[in-house]
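Visitor:
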């Protein structure tokens with residue numbers, strides 16, 4: 025048996041090694057070109073719309089699950105549109121996946137987003153803030169002017185300053201002119217960019233006039249924030265259809 029093995033089988037060992045390497049390479053090619061990941065999006069609760077020094081914001085939370093194979097998520101976007109306009113909200117920060125029973129206890133710490141690996145055996149829970157900075161960028165001249173006028177005013181009473189300062193009215197007027205949210209139905213497409221492809225999931229929601237009025241109440245609060253005054257900015261929650 026030893027002689028037979030040495031004579032007939034040992035010469036075949038290099039060939040077996042080559043066949044194993046080729047099979048592994050073939051499996052890798054099949055997995056790369058024919059087996060694509062499929063990402064499922066499971067939103068949890070309503071989405072949150074806000075307005076702050078970052079601009080218009082969307083906060084989405086839920087769970088991502090990938091099937092078939094792992095994938096690397098490069099970035100995520102929230103594309104929102106209705107019959108008259110559309111905007112792309114860029115991902116900006118992660119919030120802790122926790123909440124406070126009492127609003128006074130809320131003290132959320134934001135974490136900058138970054139690319140991450142989504143695996144088939146570990147779903148990813150997201151609580152993510154998306155922003156559209158164009159609104160506040162377009163109002164930057166008015167913001168800088170208001171800041172300068174406040175610094176020149178010294179220790180002025182904030183209520184008197186806001187009521188009499190023309191720079192405040194200029195900022196509020198510009199914000200109202202650039203404001204694009206309207207009451208009515210909207211569609212939101214969550215775009216998940218991965219190395220093989222872009223995965224999309226579309227939802228629908230409504231924004232009411234009462235919610236719109238609440239968001240516009242942040243205009244004067246933003247003016248106070250520019251003047252280093254503590255404020256609590258309002259957000260509204262919209263249920264998915």
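In our numbering, the protein residues as written are 25 to 265.
Note that CB positions come from ideal geometry on N, CA and C, so glycine has one too.
Treat the numbers as computed from the prediction; the structure is a model and nothing was measured.
1. What's the C-alpha gap between residue 101 and residue 220?
2. Helix, strand or coil, according to DSSP, for residue 252 in the structure here?
3. Can you look up residue 64 in the DSSP assignment and give me helix, strand or coil?
4. If you draw a straight line from the C-alpha of residue 130 to the C-alpha of residue 46, how long is it?
5. Considering only the beta carbon of each residue, do residue 19 and residue 161 sit closer than 8 Å?
6. If you count every other CB in all the chains shown that lies within 10 Å of the CB of residue 25, and 16 or more means buried, which is it?
7. Looking only at its own chain, which residues have a Cβ that is under 8 Å from the Cβ of residue 117, when we skip the five neighbours before and after it?
8. Beta-carbon separation of residue 103 and residue 215 under 8 Å?
9. Can you say whether residue 41 is buried or exposed, counting buried as having 16 or more other CB atoms within 10 angstroms of its CB?
10. Going along the chain, which unbroken runs of the alpha helix (DSSP H) with 4 or more residues stay wholly within the region 131 to 210?
11. Roughly how many angstroms lie between the CA atoms of residue 249 and residue 173, to the nearest whole one?
Guide: With the structure as the only source:
1. On the chain shown, position 77 is the one that residue 101 refers to. On the chain shown, position 196 is the one that residue 220 refers to. When rounded, the distance between both Cα atoms is 16 Å.
2. Taking the chain shown and counting its residues from 1, the one referred to as residue 252 is at position 228. Residue 252 falls in the coil class under three-state DSSP.
3. As a position in the chain shown, residue 64 is number 40, starting the count at 1. If DSSP states are grouped into helix, strand and coil, residue 64 belongs with the strands.
4. Within the chain shown, residue 130 is the residue found at index 106, counting from 1. Within the chain shown, residue 46 is the residue found at index 22, counting from 1. With a pLDDT of only 48 at residue 130, under the threshold of 50, the placement of this residue in the model should not be trusted; the figure read from the coordinates follows. Each residue's Cα considered, the two are about 57 Å apart.
5. The requested residue 19 is not part of the displayed model; the chain covers only 25 to 265.
6. As a position in the chain shown, residue 25 is number 1, starting the count at 1. Flag for residue 25 reads exposed.
7. By 1-based counting over the chain shown, the position of residue 117 is 93. Once the five neighbours on either side are set aside, the close Cβ partners of residue 117 are 134, 135, 136, 137, 152 and 153.
8. Reading the chain shown from its first residue, position 79 is the one you call residue 103. Reading the chain shown from its first residue, position 191 is the one you call residue 215. A contact, by the Cβ cut-off of 8 Å.
9. Translated into the one-based positions of the chain shown, residue 41 becomes position 17. By the neighbour-count rule (16 or more Cβ atoms within 10 Å), residue 41 is not buried but exposed.
10. 158 to 162, 164 to 177, 182 to 188 and 190 to 202
11. As a position in the chain shown, residue 249 is number 225, starting the count at 1. As a position in the chain shown, residue 173 is number 149, starting the count at 1. In a straight line, the C-alpha of residue 249 is about 14 Å away from that of residue 173.
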